[in-house]
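Heads up: the sequence lines are chains A and B, in that order.
Using our numbering, you'd call the opening residue of the first sequence number 702 and step up by one each time.
Using our numbering, you'd call the opening residue of the second sequence number 11 and step up by one each time.
Positions of the beta carbon are idealized from the N, C-alpha and C atoms, including for glycine.
Some notes on the structure that comes next.
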Amino acid sequence: MIANMMETAINIKTFIMLGWRNLWRQKRRSLVVILSITIGVVLMLLQIAIMNGMITQMLENNISTKLGHISIAKKGFFDDMKLESNFLPDPRMLDRISKEKNVVAVAPRVKAFAMIRTSEASRGVIVMGIYPDREKNISKINEYTLNEEGSRYLDDPSANDILISKTLAEKLDVVVGDKVVLLVQDEDNEMTGVGLTVRGLFQTPVRDYDNGVVYMGIKRLQEITGLKDNVSEVMVIVKNKDIVDSVKPRIMKSVADDDLEILTWKEMAPFLLSAIAMIDKQMIVFYFIVFITIIFSIANTLIMSIMERFHELGVMKSIGTRPSQIFFIIMFEAMNLGAVGLAAGVVVSIAAVNILAIKGIDFSLFMEAMRQWGAGSVIYPLIYVKDIIISIVVVEFTTLLAAMYPALKAARIKPLEALHYI
Amino acid sequence: MSIITISSLTKTYDGGGIEVKALRGIDLAIGRGEFTAIAGPSGSGKTTLLNLIGGLDHPTSGALSVAGSDLNHMTPRQLSDIRLNKIGFIFQAYNLIPVLSALENVEYILLLQGVKKNERRDRSRRILEEVGLGNEINRLPKELSGGQQQRVAVARAIVSEPELVLADEPTANLDQKTGSSLLDLMHDLNHQKNITFLFSTHDAMVMDYAERLIRLSDGMIISDEKKKSGRQSPVKKIKKKK
């Protein structure tokens, strides 16, 4: 058996060459099959690239607005966001965290439920008290602030200014410079109101966020709510979102406070992970479509090719070619078909993804749905090496699977029967 | 010493419910180095006999031994190896592999035998030169004439120096001159390399060349005539006169 395989291996180069030449005997037919594989691979890789872009943008957008990478808060705050779940961040603790390896930024926030009211309407919102400068390293709210109609980002943590989304401004019928009233519960559970000036308008890619979050200076919010220097949470940004699990234990050590809870974005937003899992499942459907296309086109082509060469295969067997060698010749022919289609598909896909990634693909038509997912309306397709490897495995595996039956059929040809077949 | 030993060999086909007796008890021994033709009209059983000797088919009964191997009790894989290593085949329709050049067609046998590349190339080139195709080695079969293709087929059959070459009507598709020169070639190879040649034919010229002529009719041997030496082709005679 081993000797047999060794002999076969020695001849592999010739069998590949034979397979390659046989492939081009029927140029048009082979090209049609190659084209169908190429189209299948391109569709599959483009779909994957768009999904990758969507997932990445969805995660980045959610992280860059509401989640951050890691959040430190009083135990129970994440489950029930009450104002009394606050704590006084120890400056030494903050210092220790910012010095941790891979930590990029640390900033406290105050978060509270509030009601924003104008003469026209009122809305329930979450008010975020931030240090405008430090927040620039934590979230992208600065970048999301619009530069139109006098809109600008906050600058003073103690000012009576508020930053609201464009959507909310339309609903409340206010423009930049108008006054709004913010009603919040203070530490004694008393409702207290304060008049604030709309300093700027923002628009994030996350629809829910725009509908329900407003920003103001942290100092002013602490003053209104009577929190003094206490905060609701401390946000931590690390070098990239994928290393949060390894950074978390070190931050836990730096915090060393049993009353505080530390959660990563994955723990804060499990829905994002389940959305990714769902998208991954959808990918399987695309792989399957390509799989079916390849199986039928390759199997069909090879069966036709074998029937045409029935006599010739009989001659090859008559002069001493073993069934296993015939099997390999047919398998290599299939592999060549798959490899050419695959190579063309991968090249076209990489080129297409790179071109499309320059300006992104505009999905404005599905704007609302896209914003609901938090992905934004323009998707920048992304392709990873692993996707290309998966496509190579899928195509070659499928090709070999499709070639099995024709190759076995060819290997079992009875030489005498085939010699009489013209 | 015999290279082929056959005793009481029969072959019966199922011709749509009717038994067709292609061979009805053949007893035959072919010695090493013989240049033998099996002749007979269509349906006499000569191709069936050649197929059985070549291990391409199984007999219904009887014993058949080729180059010391009992073909009756061999697996398809063993038969494949016998065909590769001990027997060379020449077909009526040349049957070269169309995607391989003349050189590659000849080399293919050596490749299957696991001969190293350089040796393979050298031997194939040499044999193609011997059959007069030294300048055509890189041509594909479709670029060669019928006679040239059959010469490549002869080169392919003898390149591994088999003990036996089976040729099924090798001249049937060739004109008389080409056929005669091909027979000359095979005759020379038979003498130089002591390779046993066994033809099936109904071509009078092949019968004339054969040193032994076995006539079949209705699946039985009706005559077995040994001649002192086969006739030389008229072409060769003319050349010698000059």
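If one requires a minimum length of 4 residues, the alpha helix (DSSP H) runs lying completely within the stretch 141-174 of chain B are 156-168, in chain order. With contact defined as three or more Cβ pairs closer than 8 Å, the stretch 751-762 of chain A and the stretch 136-144 of chain B are not in contact.
DSSP places P809/A within a strand segment (E or B) once states are collapsed to three.
Assignment of Q727/A by DSSP, reduced to helix, strand and coil, places it in the helix class. Listed along chain B are V109, each with a C-beta nearer than 7 Å to that of N723/A. Neighbours of T1022/A in chain B, taken as residues at a C-beta separation under 7 Å, are given in chain order as L122.
In this structure, the beta-carbon distance from D67/B to K21/B falls below 9 Å.
Distance from the CA atom of V956/A to the CA atom of K867/A, rounded to whole angstroms, is 38 Å. Between L195/B and V164/B, the beta carbon gap of about 6 Å places them in contact (Cβ cut-off 8 Å).
For the options S737/A, R726/A, T715/A, the alpha carbon positioned closest to that of A1040/A is the one of S737/A. Under the three-state reduction of DSSP, D981/A is assigned to helix.
Residue pairing by DSSP places Q886/A opposite M892/A in a beta bridge. Boundaries of the beta strand (DSSP E) harbouring K21/B: 12-25, taken from the DSSP string. DSSP, reduced to helix, strand and coil, places G1021/A outside both helices and strands of the structure shown, so it counts as coil. Rounded to the nearest whole angstrom, the C-alpha separation of T926/A and L847/A is 28 Å. Taking a C-beta distance under 9 Å as the contact criterion, T1099/A and R730/A do not qualify as a contact pair. By the criterion of a C-beta distance shorter than 8 Å, I952/A is surrounded in its chain by I771, I773, I798, E801, V804, V937, I963, once the five residues flanking it on both sides are discounted.
Around the CB of Y1085/A, fewer than 16 other CB atoms lie within 10 Å, so the residue is classed as exposed. Put simply, the CB of L719/A is near chain B, with a gap under 9 Å to one of its CB atoms. Residue environment: T739/A is assigned as buried (16 or more neighbouring CB atoms within 10 Å of its CB, all protein chains considered). About 16 Å separates the Cβ atoms of E44/B and R225/B, ruling out a contact at the 8 Å cut-off.
Closest by C-alpha distance to L1120/A, out of I1091/A, D909/A, P809/A, S1019/A, is S1019/A. DSSP places K236/B in the strand class (E or B) of the three-state scheme. Contact check between the stretch 894-905 of chain A and the stretch 846-860 of chain A: three or more CB pairs, one atom from each, fall below 8 Å, which counts as touching. If you ignore the 5 residues before and after L768/A, its C-beta comes within less than 8 Å of the C-beta of W966, M969, A970, all in its own chain and listed in chain order. Annotation: I1084/A is outside any alpha helix (DSSP H) and is labelled neither H nor E by DSSP. In this structure, the straight-line span from the alpha carbon of L150/B to that of V109/B is close to 7 Å. At least 9 Å separates the beta-carbon of V76/B from that of I36/B. The beta-carbon of D132/B is placed no less than 9 Å from the nearest beta-carbon of chain A.
Here R951/A is not bridged, per DSSP, to any residue. Between the stretch 881-888 of chain A and the stretch 811-828 of chain A, the count of C-beta pairs closer than 8 Å reaches three or more; the two stretches touch.
A direct Cα-to-Cα measurement between S852/A and V877/A gives close to 6 Å.
By the beta-carbon neighbour count (other beta carbons within 10 angstroms, threshold 16), Y104/B is buried.
In terms of Cα proximity to A808/A, the closest of V935/A, T893/A, T1022/A is V935/A.
In this structure, L208/B lies near L60/B, with their beta-carbon atoms less than 9 Å apart.
Nearest in C-alpha terms to R908/A, of all of K1087/A, A1112/A, L719/A, N763/A, is N763/A.
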